[in-house]
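For what it's worth, my numbering labels the leading residue of the sequence shown as 1, then goes sequentially. Working notes, beginning with the structure itself.
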Amino acid sequence: MSQSNDVMENNARIGARGDYTRWLLRRYDALDIFEFEDDPPPVSLRDIFVPIYLSEEDTDDEKMDQETPLNEEDAIGQNAWNCIVEHPFLALSGRPGSGKTTLIKALIIELCGQGRSQLRERLVGNQGILPIPLILRELPEIEAVETLDQLVAAWLEREADEATHKDHPLDKLRLQQSIAPDGDKIPLLYLFDGLDELGSNSLREKVLLFAAEAVRRGHRVIVTGRPNGFQGLDFSRFPALATDLETKTAEQITTVSTLAFLLGGLVHGLWKGEVIDSMGKALLLSQEMDGKTERQFAEKQLQLRYLQPFAGPQILQFIETWYQLRNEWKRQMEEGLARFQQALEKRPYLRTLARRPIFLTMMSSVHVSRTRMPEGRADLYGAIIELYLVRQENNRRRRYTLSGEPMPHWPEDELRLALGHLAWHSQQRSDEHEGEEVDDRRIVWSREEMEGTLEQLLGTDDFISIKPKQAGLLLGYYLHPAGLLVEPAEGKIQFAHLSFQEFLCAEHLLGLAGAAGISGFMDLLGMELFANLGQPGWDEVALLLMVLYAEQTQKRGHLELFSWLDPTRTTDARFFYKAFIGDELPWRQNREAWLGYAFGLALLHPELGLAETLKQHPELAEVGKKWFMELLQTKDDKKLWQHLCRPVKGFNVTAQKQLETLGGQRWTKPLDDKSWDVSQNATEAHAYSLLTLIFQSGWLKPSAETRELRPVDEPELLEAIAGWLNQRDPKKTIFSTRRQEKSHEGYLISVTNIALSLDALVPDQGTLWFAVAERIPPDLWLLQGEAIEPELGYLDLFSQAPVLLAIYAAEQLPPRTRLSLLLYQAQLMVEAMASGRAFDDWSRSRSRSLSRSRSRSLSLSLSLSRSRSLSLSLSRSLSRSLSLSLSLSLSLSLSLSLSLSRSRSRSELLSKDARLSYELRQRLKSLTGIIISKTNDSALESLAVALSQFGLRYAARDWFDEQAGEPAIAKRRGERKGEPLPTELRLFDKKGRLLARQKRENWLKLRDWLQDADKILQFTFQGNLAAADEELLRNDLIQLKKCSWSPLSALDALLADWPEDEPERPCGLEAAEAPLIAAINHFLQT
């Protein structure tokens, strides 16, 4: 052939390729984005495409963050264009509607466009690159072809036919010559789209083999499919992997190595078992190859990436480009974009839908057509379903037009009825799956099962136009194009989003109930809907049904459905609050009318935390607090419930009766269950429940002063609580309950829930403070004292706020608290001399009693958080908390190593306390680094005991030194100046500090004094004690003698290890340090 002919042929091939790229532009640039319109205008993909991101992990759009502002969200993963440049062999996996097809189209448009393309330059420099879009579902020949070249030839035949049909003929022969292996050597990009849509694993394996061959030839390849398309592939079917090396030609060896390396990237996370075995054969063969060649192939391994849901910036960019598609929309773009963004950030369910391009497209269409987003989910879902059915119908019409066959009429009501029936059955089947997670509730049907269900349904009297024999066609109608129903795997079908399943189920049930007539309406809903409340997804169905019913009844009838609820059932209570607090239902002024009902449910189920959601409606605060005052002023608990259930305009009469009767039964006889922790009796349970409601409401005004001391600024309400407490509990017994324990000598005292609830409200002074403080008996007070600091790791061991407030009192203490403080000082006196095994046993026993006294109620966490801040703000120094934590470390821990790991952190902090001797600080510092590595159990236990006892001695000295240094503290505690205990006992100096040496005989005198109630009361009150208070305190002292953690029991434990022939012992800090230093030295030497 002459040179001129060569030039002409070359130019002809260039022209053929140019015609081909223009054909690709024409075919793929036009986007069916308005296919839900009857006569949609053309839209260019370039006008609407938003960058898509890829990642190695699949991300569930329903589990993404909903709190971060949209414009501050970060896109997940890597920009798709960057990923395509980096990886010549790429597998793209995406869920239905995630944008796989759109990404492929956008890639084709980018590479075939006439202007400059940065992506094209990054891929091939100044060269061109020719896309080969192999849409696998459109190539039935794939079952027969055996090579990549045969597949490309079959594709080109179809492509040329379609182009000719649309008046854009292609030069098929020259195109084939250009892209042939021995042709023009131009760069190609093979796009294998829809791997999951092939009928079998063997076909998928064949396509992957073709893809690997294309990469081996030096071209780029992208394979797309849903996640199921890359699962379950058996590579042992590849002939190249089953043949010995000796029988292979060089070309075959290259193919084997290519497969080993290029397909190896997919093994991780996709195939196991036999796949690994078969790949192993290929890897063995590849080891025979030249190292350089292997490295080249390794750079081209098949990389799997997942299309990521849209992040905020992508969503906003899409909406902005959407508004620019039509001139009439551009004029309202700024306002519309702001409204759209506001709706997405206000309603999390909208943001979840918007993360998937297919639903964002439908939402955008709804938004621009109405100039706003529908106010409720039901309205939005209904609008999207209407668009979906219009789109499916338009696609159906186009298919029949192309085929030339007459199209049977399928009315929309029958199409929607069938879809609702499938949703209802899916929702029913979700009950079989345990778990609240979305993935646990997604029901996957087999195609045969769903088609059979439709066939049976179409045979009923509800369907006239759509026949049972058309069940398969109907299913195809719902599935193509993908929308509300999708195929996550071959032959498997599910709803694309649970929200649409739940809405269609609600719509279907409402229709069934309406068809049942007036008498059967509530019966059907009761059986098919309300009986399922609490099951995953059914609360959403019920709420959507109520919204739909409200629209049918002029926004009134929905409230009647609440009368079906049983106020004693936790599932019903939770559902009511979801409906009451949310914005889905049209409440108008009726929320205030139903406030009493809401309070009643919260009172019956205090552990559910229902009232915590009331803070979302601050507009109800004033009327709510008025309710609180009225309830606190009722004479008794029966009157309280009657007041709660009184008729109110706008409050459904039937629901009122249900609350009065069924709710009244539970209120009268509270049951100790998961939703109500009854720690004492009905009176205490009622009190706890009411206070929990008041505090959880979030309506109480916080104090502008130090909130740890005065949590709320509601003087009238606090006064009312104090009066109510005095009226309900005249005997002052409601804060504690005692019970005998068989496995424990003596008894166990527990703090009741009402006491813990009040921790969150009680101020440091005033009527309520006094009423609360005088209800803590000495045995409960002494068990807590300055209990361990929760910040240091012991969540069970903490003091109630009134106990800590009493230690640093802001005003005069009630007599009971003064007695408790006196006895606590006697206990601290004993702890200041802590030593011996008997005392160590007492200390552990007290700690266990404190831990067991705690109820795991909701109020405990409220009290705990309050006590934490109080202890930090009120303690003079952290050293006392640290030493107390040391003293309790052994008692609480489940194992010695756990105890000592905590002791290590305490000793590390104490090693920095300048009040300790230099020698002890150095020992503690050296101890912190190795305390866990030691394995000598005996040495470990001895060290732990020494740390524990030193902690108690150190904390006790700290108490008395502080009190002596600040006489005002002792005065506020109601004590005598410089006289923590009677002077005649000779335990303190004139300022109230511990004597450096203590005589045993004086401790025996202390023991006698602790057993004499008259002497105790006389010393504490000096005759100034009312008769009623005296009777109460004498009973307290009698009770105290029975308790194993009293000062007397502590003193007996100490004296048990203090021999009679040892008349005195040192009590200074040096004496306290000596046994600890000895224990540390022994520990370090073992």
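Where is the CB? At the ideal position from N, CA and C, for every residue including glycine.
{"Item": "Can you check which of these residues, Trp23, Glu138, Ile129 and Met64, is closest to Asp171 by C-alpha distance?", "Value": "Trp23"}
{"Item": "Between which residues of its own chain and Ala611 is the CB-CB distance below 6 Å, once the five residues before and five after are set aside?", "Value": "Ala602, Leu693, Gln696 and Ser697"}
{"Item": "Which word fits Arg116, buried or exposed, when buried means at least 16 other C-beta atoms lie within 10 angstroms of its C-beta?", "Value": "exposed"}
{"Item": "Glu919: which of Ala1074, Leu987 and Gly1068 sits nearest, CA to CA?", "Value": "Ala1074"}
{"Item": "Within its chain, find whatever has a CB closer than 8 Å to the CB of Pro69; leave out the 5 residues flanking it on each side and keep chain order.", "Value": "Gly312 and Glu345"}
{"Item": "Do Tyr597 and Leu659 have their C-beta atoms closer together than 8 Å?", "Value": "yes"}
{"Item": "Within a Cβ cutoff of 7 Å, which residues of the same chain sit near Arg122, ignoring the five residues on either side of it in sequence?", "Value": "Val85"}
{"Item": "How far does the beta strand (DSSP E) with Glu487 in it reach, from first residue to last?", "Value": "Leu485 to Ala489"}
{"Item": "Is Asn532 a contact residue of the ligand SAM, with contact defined as CB to any heavy atom under 7 Å?", "Value": "Judged by which ligands are present, the structure shown has none, so any question about the ligand SAM falls away."}
{"Item": "Ala760 by DSSP, collapsed to three states: which one?", "Value": "coil"}
{"Item": "Within 10 Å of its beta-carbon, does Ala970 have 16 or more other beta-carbons around it, so buried, or fewer, so exposed?", "Value": "buried"}
{"Item": "So which of Leu1051, Gln680, Pro715 and Arg923 has the shortest CA-CA distance to Trp842?", "Value": "Leu1051"}
{"Item": "Which whole-angstrom value describes the C-beta separation of Thr752 and Ser679, a residue pair presumed to lie in contact below a C-beta threshold of 8 Å?", "Value": "5 Å"}
{"Item": "Counting only the same chain and skipping the five closest in sequence on each side, list residues whose C-beta sits under 6 Å from that of Arg846.", "Value": "Trp1045"}
{"Item": "Going by beta carbon distance, what residues of the same chain come within less than 8 Å of Ala12, once the five residues before and after it are set aside?", "Value": "Asp171 and Arg174"}
{"Item": "Could you check where the alpha helix (DSSP H) with Thr361 kicks off and where it finishes?", "Value": "Pro357 to Arg370"}
{"Item": "Measuring straight from C-alpha to C-alpha, what distance separates Gly1132 and Met8?", "Value": "Residue 1132 lies beyond the stretch modelled for the chain, which goes from 1 to 1086, so this question has no answer here."}
{"Item": "When you compare the CB positions of Ala542 and Phe530, do they come within less than 8 Å of one another, or not?", "Value": "yes"}
{"Item": "If you follow the beta strand (DSSP E) that Ile222 is part of, which residue opens it and which one closes it?", "Value": "Arg220 to Gly225"}
{"Item": "In chain order, what residues of the same chain have a beta carbon less than 7 Å from the beta carbon of Ile749, not counting five sequence neighbours either side?", "Value": "Ser736, Arg738, Asp779, Leu780, Leu783 and Ser853"}
{"Item": "Between which two residues does the beta strand (DSSP E) carrying Thr737 extend?", "Value": "Ser736 to Gln740"}
{"Item": "For Thr571, which residues from the same chain have a beta carbon less than 7 Å from its beta carbon, with the 5 sequence-adjacent residues on both sides left out?", "Value": "Leu533 and Gly534"}
{"Item": "Considering just the uninterrupted stretch of the alpha helix (DSSP H) at Val207, what are its terminal residues?", "Value": "Asn201 to Arg216"}
{"Item": "So what does Glu966 bridge to, in DSSP terms?", "Value": "Answer is none; Glu966 lacks a bridge partner."}
{"Item": "Measuring only the C-alpha atoms, how far is Ala338 from Tyr381?", "Value": "21 Å"}
{"Item": "Does any CB atom of chain B fall closer than 8 Å to the CB of Gln114?", "Value": "No chain B appears in the structure shown, which is made up of a single protein chain."}
{"Item": "Let's see if you can read the secondary structure: which residues bound the alpha helix (DSSP H) around Lys172?", "Value": "Lys172 to Ile179"}
{"Item": "Please report the distance separating the alpha-carbon of Ala160 from that of Leu45.", "Value": "23 Å"}
{"Item": "Apart from the five residues on each side of it in sequence, which residues of its chain come closer than 6 Å, Cβ to Cβ, to Ile276?", "Value": "At Ile276, the pLDDT of 36 sits below 50, so the modelled position is not reliable; the number obtained from the coordinates is stated separately. Excluding residues within five positions, none has a Cβ falling inside 6 Å."}
{"Item": "Going by beta carbon distance, what residues of the same chain come within less than 8 Å of Met450, once the five residues before and after it are set aside?", "Value": "Leu422, Leu475 and Ile493"}
{"Item": "Is it right to say Gln998 is buried, meaning 16 or more other beta carbons lie within 10 angstroms of its own, or is it exposed?", "Value": "buried"}
{"Item": "Check each candidate in Ile776, Asp413, Lys100 and Val207 and name the one with the smallest Cα separation from Pro140.", "Value": "Val207"}
{"Item": "How many angstroms separate the CA atom of Pro802 from the CA atom of Val762?", "Value": "7 Å"}
{"Item": "Figure out for me which residue from Leu690, Ser563 and Trp699 has the closest Cα to the Cα of Trp622.", "Value": "Checking the displayed sequence, the identity of residue 622 turns out to be Glu instead of Trp. Per the Cα distances, Trp699."}
{"Item": "Could you tell me which of Leu130, His168, Phe230 and Ala212 sits nearest to Lys185, measuring between CA atoms?", "Value": "Leu130"}
{"Item": "Using only alpha-carbon positions, find the residue among Leu25, Leu458 and Tyr477 that is nearest to Ser469.", "Value": "Strictly speaking, residue 469 in this sequence is Lys, with Ser absent from that position. Closest option to Lys469, Cα to Cα, is Leu458."}
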